[in-house]
Every structure is written in structure tokens, then in C-alpha cells.
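Last residue of the sequence shown: 257 in my numbering, with the numbers rising by one and none dropped.
Encoded as C-alpha cells, the structure appears first; notes follow it.
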Amino acid sequence: MSFQVVTGAMMSCSFGAAPAAFVAAPGQTVMAGGLPAGTSFDYVPMLNIPTFGTCMSLANPTVAAATAAALGALTPMPCIPMTVAPWAPGSATVLIGGKPALHDGCLATCAYGGAIQFSMAGQFTVMVS
Numbered sequence: 129m130s131f132q133v134v135t136g137a138m139m140s141c142s143f144g145a146a147p148a149a150f151v152a153a154p155g156q157t158v159m160a161g162g163l164p165a166g167t168s169f170d171y172v173p174m175l176n177i178p179t180f181g182t183c184m185s186l187a188n189p190t191v192a193a194a195t196a197a198a199l200g201a202l203t204p205m206p207c208i209p210m211t212v213a214p215w216a217p218g219s220a221t222v223l224i225g226g227k228p229a230l231h232d233g234c235l236a237t238c239a240y241g242g243a244i245q246f247s248m249a250g251q252f253t254v255m256v257s
């Protein structure tokens, strides 16, 4: 069993420089531990998934350009997450508004190759499977 992810949960990206706090969809009325609960469809860049500081992925065009301009020295650039698919796997048994509940074992992938995962669910009361 995993913990239900809520607004304020901490996450990180494998190519990001800093952790970021998750934000459940605006208007979410289902609560877990007193905070808005997330679903696997809360993956919108800069709405649900904020910046991770700077990006170090050469698949990111701005990082690649800055690195080329620096004669090959990796040059991190501002992170703008590019998630294009829902969090996976999502809860197999708990639905929130018809969508799988988001738990701390879910992963999202950035179009630039980063793996986004949770380090802390934001609450430690409600568990889902």
C-alpha cells in the first residue's frame, strides 16, 4: 500500500536541480489528511507540476543550445516541465471523480527524459493500493 498524494507533496525530477511541491487540480473537493487529493490526471506542467529549478537534460533544446555555446560544458537552464501523459500507474482500486487516485509510487515522465517521482506524499494517514 502507498500513501495518497495531496497538495504539498514533494517530488523531484532526475534532471532537475531542486525539489518541487505538487498541486492538486484546482477545485478538488476530495480530501486526504485534510488536504486536496491528487489524481493520476494531475500532470499539467506549471499547474500541477511546477519547475524543478534548472534542467540538466541535453534533450532539452535550451540546455543543448547553452551547452553548445559553452563549447560542450553542460550548462543547466531554467526548468519548464514537459509532462505529456498521466502519472502511472495510479491506484487500481481508488477512484476520485472517475480518475485513479495518485499515490507516492506513481511516476511521470518529462518529454526531455526526466523521471518525476514523489519523495513525500504530503500526508501520512490515507493509504491507497
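Note that beta-carbon positions come from the ideal geometry of N, C-alpha and C, so glycine has one too.
Please give me, in chain order, every unbroken run of the alpha helix (DSSP H) with length at least 4 that falls completely inside the region 159-247.
189-197
Name the DSSP bridge partner or partners of VAL254?
Here the question's residue 254 lines up with position 126 in the sequence shown. Looking at the DSSP assignment, VAL254 forms no beta bridge with any residue, so it has no partner.
The beta strand (DSSP E) enclosing SER140, as first and last residue numbers:
Here the question's residue 140 lines up with position 12 in the sequence shown. Unbroken beta strand (DSSP E) run through SER140: 138-141.
Beta carbon of ALA216, beta carbon of CYS234: below 8 Å?
Here residue 216 refers to the residue found at position 88 when the sequence shown is read from its first residue. Here residue 234 refers to the residue found at position 106 when the sequence shown is read from its first residue. Yes; because the gap between Cβ atoms is below 8 Å, this pair is in contact.
Tell me whether VAL212 is buried or exposed, calling it buried when 16 or more other Cβ atoms sit within 10 Å of its Cβ.
As a first step, residue 212 must be located in the sequence shown, where it is residue number 84. Per the 10 Å Cβ criterion, exposed.
In whole angstroms, what is the alpha-carbon distance linking PHE169 and MET205?
Numbered from its first residue, the sequence shown carries residue 169 at position 41. Numbered from its first residue, the sequence shown carries residue 205 at position 77. So the alpha carbons of these two residues sit roughly 27 Å apart.
Could you name the residues of the same chain whose beta carbon sits closer than 6 Å to that of CYS141, not counting the 5 residues immediately before and after it, in chain order?
Within the sequence shown, the letter at position 13 stands for residue 141. Cβ neighbours of CYS141 beyond the five flanking positions: PHE180, GLY242, ILE244.
Alpha carbon of PRO214 to alpha carbon of LYS227, nearest angstrom
By one-based count along the sequence shown, residue 214 stands at place 86. By one-based count along the sequence shown, residue 227 stands at place 99. Between PRO214 and LYS227, the C-alpha separation is close to 10 Å.
So what's VAL151 in DSSP terms, helix, strand or just coil?
For the purposes of this step, residue 151 is taken as the residue at position 23 of the sequence shown. VAL151 falls in the coil class under three-state DSSP.
Could you tell me if LEU202 is buried or exposed, where buried requires 16 or more neighbouring beta carbons within 10 angstroms of its beta carbon?
Within the sequence shown, numbered from 1, the residue matching residue 202 stands at position 74. It is exposed - the Cβ of LEU202 has fewer than 16 other Cβ atoms within 10 Å.
Could you work out which residue in SER247, ALA137, GLY161, THR167 is closest to SER219 when comparing CA atoms only?
For the purposes of this step, residue 219 is taken as the residue at position 91 of the sequence shown. With distances taken between Cα atoms, SER219 lies closest to THR167.
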